[in-house]
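To start, the structure under review is shown below, and the notes come after it.
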Amino acid sequence: MAVQQVFPLSCVVQHYAWGKMGSNSEVARLLASSDPQARISEDKPYAELWMGSHPRGDAKILDNCISQKTLGQWIAKNQDCLGSKVKDTFNGKLPFLFKVLSVETALSIQAHPNKELAEKLHLQAPQHYPDANHKPEMAIALTSFQGLCGFRPIEEIVTFLTKVPEFRFLIGDNAATQLKKSMNSDSQSVASALQSCFSHLMKSEKKVVVEQLNLLVKRISQQVAAGNNMEDIYGELLLQLHQQYPGDIGCFAIYFLNLLALKPGEAMFLEANVPHAYLKGDCVECMACSDNTVRAGLTPKFIDVPTLCEMLSYIPSKDRLFLPTRSLEDPYLSIYDPPVPDFTVMRMEVPGSITEYKVLAVDSASIVLVVQGRVTASSPTVQTPIPLQRGGVLFIGANESVSLKLAAPDDLLMFRACCLL
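This note's numbering applies: residue 1 is where the sequence shown begins, and numbers increase by one.
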């Protein structure tokens with residue numbers, strides 16, 4: 001008898017302190033919708049839903065006919081379900097971790113090393129860098145989502161150096177002048193001037209940072225109280241971040257990094273060495289399986305300043321939105337295909353008027369999340385069709401053809417993570 005390659009999962013929730021509380025959290029709402037037994041505690045943060053086989057959050061298999069209890073155990077016994085190329089390339093492991101994030105307070109400003117650097121850091125300091133893998137990530141907004149991503153165009157940073165004297169004080173006149181001069185120069189001079197400015201900020205003495213930040217907070221608060229608009233220097237955001245992380249160097253990073261406001265369905269891709277931070281909102285996220293993070297601020301955790309300043313990609317750019325392509329074979333499918341082999345994310349939006357939808361078969365294991373709508377899933381290896389509703393998560397083995405019957409009249413919105421080598 002053929003091995004059953006399609007089954008529902010019960011996924012692990014992480015209650016990190018930055019998550020949205022109780023039923024304000026999309027993670028909690030998805031959980032409550034998919035599992036009627038789930039009790040949501042309103043005084044607890046629901047930060048992340050992990051859909052995958054990561055050892056710190058291995059999904060449970062919701063099917064008594066399958067002898068393995070978790071997805072990780074099942075994949076170890078059924079490696080062919082990964083797809084032949086995926087199995088060989090990623091040593092019989094699922095190469096990605098799929099998540100939902102619900103962010104209330106800012107996550108630390110961070111960057112992830114490329115493979116080469118990750119191997120070196122892991123050898124030198126395994127307590128801070130737990131594995132030797134790179135960690136590219138993609139975030140796709142479910143609700144309006146705010147984040148910082150990549151260095152701003154130089155002229156914007158130069159404008160802030162003029163408008164925010166406290167920022168300029170920490171950078172110093174020499175580095176600030178060098179940056180302004182580099183504006184008409186080649187990209188190498190720009191990168192070197194930008195690295196110098198950012199390093200000066202990051203290497204500032206804690207006491208001086210706190211003093212300058214207090215001056216800035218006081219100035220913005222007084223102006224706002226007097227009815228003046230301070231949005232040209234992101235007054236409101238600065239006060240908000242300072243309230244969340246008082247005296248933190250990361251508060252000044254908003255003058256270096258692009259502020260992105262994503263609408264539902266819009267995405268950002270974070271390749272290696274790009275500084276970024278999620279500030280607020282709900283998203284689906286997909287990443288390579290790694291826990292390597294080099295932090296830069298908005299955090300009480302270890303900050304490895306020399307590694308950070310050395311590794312960052314000092315390439316200013318305005319356009320950080322990552323655009324999906326429309327599938328040619330499926331009118332309801334958009335594909336977010338980043339320039340890394342580890343993962344691809346698909347968004348399926350099927351109108352309720354369609355009664356049956358065929359999920360594209362791909363040569364990779366995949367994980368599907370239902371965000372909206374109700375369906376029953378059937379496939380050749382499944383005896384009984386599987387009902388799924390909002391918050392439901394389905395594992396699909398490589399090359400399996402799955403057909404979804406829609407429970408009218410709801411439209412269907414689903415996201416799918418897979419690996420298209």
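All C-beta atoms, glycine included, are put in the ideal place defined by N, C-alpha and C.
None of these values were measured; they are calculated from a predicted model.
Exercise. At which residues does the alpha helix (DSSP H) containing glycine 235 begin and terminate?
Worked result: 235–244
Problem set entry | Simplified DSSP state of serine 185, which is helix, strand or coil | coil
For this session: Determine the contact status of glutamate 349 and tyrosine 336, defining contact as a CB-CB distance below 8 Å.
Result: no
Problem set entry | Inside the region 129–212 only - beta strand (DSSP E) runs reaching at least 3 residues | 137–141, 145–151
Exercise. Can you tell me the Cα-Cα spacing of serine 102 and glutamine 212, whole angstroms?
Worked result: If you take the alpha carbons of serine 102 and glutamine 212, they lie about 31 Å apart.
Problem set entry | N- and C-terminal bounds of the beta strand (DSSP E) containing leucine 394 | 393–396
For this session: Grab me the residues of glutamate 166's own chain with a C-beta within less than 6 Å of its C-beta, minus the 5 sequence neighbours each way, in chain order.
Result: Gln212, Leu215, Leu216
For this session: Report buried or exposed for aspartate 43, applying the criterion of at least 16 other Cβ atoms within 10 angstroms of its Cβ.
Result: exposed
Exercise. Three or more C-beta pairs closer than 8 Å, one from the region 269–276 and one from the region 6–19: is that the case here?
Worked result: no
For this session: Measure the CB-CB distance between tyrosine 314 and alanine 191 and report whether it falls below 8 Å.
Result: yes
For this session: Taking only the alpha-carbon atoms, compute the straight-line gap between leucine 121 and alanine 2 and give it to the nearest angstrom.
Result: 44 Å
Problem set entry | Cβ-Cβ distance between arginine 390 and serine 34 below 8 Å | yes
Problem set entry | Backbone CA spacing between alanine 193 and methionine 414 [nearest angstrom] | 44 Å
Exercise. Among residues of its own chain, excluding the 5 on either side of lysine 318, which ones have a beta-carbon nearer than 8 Å to its beta-carbon?
Worked result: Arg152, Pro153, Asn258
Exercise. Taking leucine 241 as the reference, which of Lys207, Lys263, Ala277 has the closest Cα?
Worked result: Ala277
Exercise. Skipping 5 residues on each side, what residues in its chain have a beta carbon closer than 8 Å to that of histidine 128?
Worked result: Leu121, Phe302, Asp304
Exercise. Could you give the residue range of the alpha helix (DSSP H) that holds histidine 122?
Worked result: 115–124
For this session: Go to cysteine 81, then tell me how far its alpha helix (DSSP H) extends in each direction, as first and last residue.
Result: Unbroken run through cysteine 81: none, as it is neither H nor E.
Problem set entry | Nearest-angstrom Cβ-Cβ length linking asparagine 399 and histidine 112, presumed shorter than 8 Å | Asparagine 399 to histidine 112, Cβ: 31 Å. No contact.
Exercise. What is the residue span of the beta strand (DSSP E) that lysine 358 lies within?
Worked result: For lysine 358, the enclosing beta strand (DSSP E) covers residues 356–359.
Exercise. Measuring CA to CA, which of Asn184, Ala377, Leu279, Gln68 is closest to glycine 297?
Worked result: Leu279
Exercise. Tell me, which residues are paired with leucine 276 by DSSP?
Worked result: Reading off the sequence, residue 276 comes out as histidine, not leucine. Bridge partners of histidine 276: Gln110, Cys149.
For this session: Answer yes or no: do valine 27 and alanine 365 have a C-beta to C-beta separation smaller than 8 Å?
Result: no
For this session: Grab the span of the alpha helix (DSSP H) containing alanine 76 for me, first residue to last.
Result: 71–77
Exercise. Thinking C-alpha only, which one of Leu404, Ala288, Glu329 is nearest cysteine 419?
Worked result: Comparing Cα-Cα distances from cysteine 419 to each of Leu404, Ala288, Glu329, the minimum goes to Ala288.
For this session: Taking only the alpha-carbon atoms, compute the straight-line gap between arginine 320 and isoleucine 109 and give it to the nearest angstrom.
Result: 16 Å
Exercise. Does DSSP put proline 339 in a helix, in a strand, or in coil?
Worked result: coil
For this session: My understanding is that threonine 89 touches leucine 360, with C-beta atoms under 8 Å, so please give their C-beta distance in whole angstroms.
Result: About 21 Å; that fails the 8 Å criterion.
Problem set entry | Range covered by the alpha helix (DSSP H) that runs through methionine 311 | 305–311
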